[in-house]
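Heads up: the sequence shown runs through residues 4 to 307, numbered per our numbering.
The beta-carbon is built from N, C-alpha and C at its ideal position, and this holds for glycine as well.
Source: prediction; values computed, not measured.
As structure tokens, the structure follows; a few thoughts come after it.
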Amino acid sequence: MSVQNNPGLRFASALAGYVLRGGFSWPGGHLPPSGHRVPEAFAGVGVAASIDPAVDDFIIAHLNASGIRHVRLDFSYGDDEGPTGRLLRALYASSFKVVLHLVQPCERARRMESEEARDEWRRFVVATLDRHGGQASMIEVGSTVNRRRWAGYSLTGFLSMWEVAWQEVRARGLVLAGPSVTDFEPPWSVGLLALLRAQGQLPDVHTDNLFSERCTEPERYDHKIFGRRLASLAQVNLIKKARVLQRIGADFGVPRLFPRRPSGRCRASSACCRTARRSRRTTCLATCCCVRLLELSRAPGGGL
């Protein structure tokens, strides 16, 4: 099979070219740039619905009290008639800016190379966008796409899913975000954005799930990339991760980066969890870690 007809080979070819051009090399990238502005929409939280409608009021009250106006909501098959749809309508009614994240169930994602699964996905996307898309600040598609065991997608299946969503979002003039690679795995960001650019289907916003910090302290260099001995030489900290991801997006025509970080769910940060488990002051330490992570996240100038 030729490279042109094989997405795996095209992925590998694009990645090899990027590496040879020195795309991942960034001396001094661990230091924050000067003079950048932190956008108003930098801070937001992920919200989820409960069976109890009173929880909707509880969520909205706490969002209002904190001054947070930007939220992200997962939305999947059957959600419109349930608690998630109810919460979404309540958020819209309260004038929140919602990132509507369209999530395909894993078992459907595994079958996305079939016409039946593709048609079902299109029906869901069309119905959701027609009902709710016009009020959303952006439509996000993709979730942990580099984890087939979690998301269910083969590379071909992901491209099929993305094509449907891209067509329907573009037809309505909405803002599209994706592909949502999980953790700091820039080879996946390079490969997927290269494939999407080749198909003429780039998103408006480049997303990455930087929700899991693998260091014992937020400020430390990540020792899981090149090992503990080389960590101080590679200098890959949270600032460098965000800057590298932003540059990758810009290199492929998507300069706007939306990296999801610990805001809204401190438990997602392993730095917070590991520190908190060793202390009785669990809540205090977890909160401290989250604040430090958010401050570091502001430094590269990332956000919505």
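Rounded to the nearest angstrom, what separates residue i and residue j at their Cα positions?
{"i": "residue 269", "j": "residue 152", "result": "With a pLDDT of only 43 at residue 269, under 50, the local geometry of the prediction cannot be trusted, and the value read off the model is given with reservation. Answer to the nearest angstrom: the Cα atoms are 24 Å apart."}
{"i": "residue 253", "j": "residue 259", "result": "7 Å"}
{"i": "residue 24", "j": "residue 197", "result": "14 Å"}
{"i": "residue 160", "j": "residue 14", "result": "14 Å"}
{"i": "residue 100", "j": "residue 46", "result": "12 Å"}
{"i": "residue 108", "j": "residue 163", "result": "15 Å"}
{"i": "residue 246", "j": "residue 41", "result": "14 Å"}
{"i": "residue 230", "j": "residue 118", "result": "44 Å"}
{"i": "residue 224", "j": "residue 296", "result": "13 Å"}
{"i": "residue 111", "j": "residue 128", "result": "14 Å"}
{"i": "residue 175", "j": "residue 226", "result": "44 Å"}
{"i": "residue 172", "j": "residue 132", "result": "8 Å"}
{"i": "residue 58", "j": "residue 44", "result": "24 Å"}
{"i": "residue 122", "j": "residue 167", "result": "9 Å"}
{"i": "residue 203", "j": "residue 120", "result": "23 Å"}
{"i": "residue 255", "j": "residue 56", "result": "43 Å"}
{"i": "residue 98", "j": "residue 261", "result": "21 Å"}
{"i": "residue 114", "j": "residue 149", "result": "16 Å"}
{"i": "residue 248", "j": "residue 78", "result": "26 Å"}
{"i": "residue 87", "j": "residue 193", "result": "33 Å"}
{"i": "residue 234", "j": "residue 48", "result": "31 Å"}
{"i": "residue 293", "j": "residue 70", "result": "17 Å"}
{"i": "residue 165", "j": "residue 211", "result": "16 Å"}
{"i": "residue 200", "j": "residue 8", "result": "15 Å"}
{"i": "residue 36", "j": "residue 126", "result": "44 Å"}
{"i": "residue 242", "j": "residue 299", "result": "6 Å"}
{"i": "residue 185", "j": "residue 146", "result": "7 Å"}
{"i": "residue 10", "j": "residue 67", "result": "45 Å"}
{"i": "residue 26", "j": "residue 141", "result": "29 Å"}
{"i": "residue 188", "j": "residue 155", "result": "18 Å"}
{"i": "residue 134", "j": "residue 63", "result": "21 Å"}
{"i": "residue 16", "j": "residue 76", "result": "35 Å"}
Decide if residue i is buried, meaning its Cβ has at least 16 other Cβ atoms within 10 Å, or exposed.
{"i": "residue 308", "result": "In this structure the chain extends from 4 to 307, so residue 308 is not present and cannot be described."}
{"i": "residue 65", "result": "exposed"}
{"i": "residue 232", "result": "exposed"}
{"i": "residue 31", "result": "exposed"}
{"i": "residue 81", "result": "exposed"}
{"i": "residue 265", "result": "Caution is warranted here: a pLDDT of 47 is assigned to residue 265, below 50, making its placement in the model unreliable, and no coordinate value can be reported."}
{"i": "residue 236", "result": "exposed"}
{"i": "residue 20", "result": "exposed"}
{"i": "residue 206", "result": "buried"}
{"i": "residue 61", "result": "exposed"}
{"i": "residue 102", "result": "buried"}
{"i": "residue 312", "result": "Outside the displayed span of the chain (4 to 307) sits residue 312, for which this structure offers no information."}
{"i": "residue 322", "result": "The question about residue 322 has no answer, for the chain in this structure spans 4 to 307."}
{"i": "residue 181", "result": "buried"}
{"i": "residue 221", "result": "buried"}
{"i": "residue 1", "result": "Outside the modelled stretch of the chain, which goes from 4 to 307, sits residue 1, for which no answer is possible."}
{"i": "residue 183", "result": "buried"}
{"i": "residue 28", "result": "exposed"}
{"i": "residue 52", "result": "buried"}
{"i": "residue 84", "result": "exposed"}
{"i": "residue 139", "result": "buried"}
{"i": "residue 96", "result": "exposed"}
{"i": "residue 137", "result": "exposed"}
{"i": "residue 12", "result": "exposed"}
{"i": "residue 18", "result": "buried"}
Bridge partners of residue i, per DSSP?
{"i": "residue 77", "result": "104"}
Where does the unbroken alpha helix (DSSP H) through residue i begin, and where does it stop?
{"i": "residue 110", "result": "109 to 112"}
{"i": "residue 72", "result": "Per DSSP, residue 72 belongs to no alpha helix (DSSP H) and is neither H nor E."}
{"i": "residue 85", "result": "Element bounds for residue 85: n/a, residue is neither H nor E."}
Against chain C, does residue i count as a neighbour if the rule is that its beta carbon must be under 7 Å from one of theirs?
{"i": "residue 12", "result": "The structure shown contains no chain C, having only a single protein chain."}
TODO: Could you name each continuous alpha helix (DSSP H) segment of 4 residues or more that falls completely within the segment 180 to 264, going from the start of the chain to the end?
DONE: Listed in chain order, the complete alpha helix (DSSP H) runs (minimum 4 residues) inside the segment 180 to 264 are 189 to 201, 226 to 229, 231 to 237, 241 to 254.
TODO: Please specify which runs of the beta strand (DSSP E), each continuous and at least 3 residues long, are wholly inside the segment 6 to 57, giving them in chain order.
DONE: As far as the segment 6 to 57 is concerned, its whole beta strand (DSSP E) runs of at least 3 residues are 48 to 50.
Task: Contiguous alpha helix (DSSP H) assignments of at least 4 residues, all confined to the segment 125 to 191 - done: Correct list: 151 to 154, 158 to 174.
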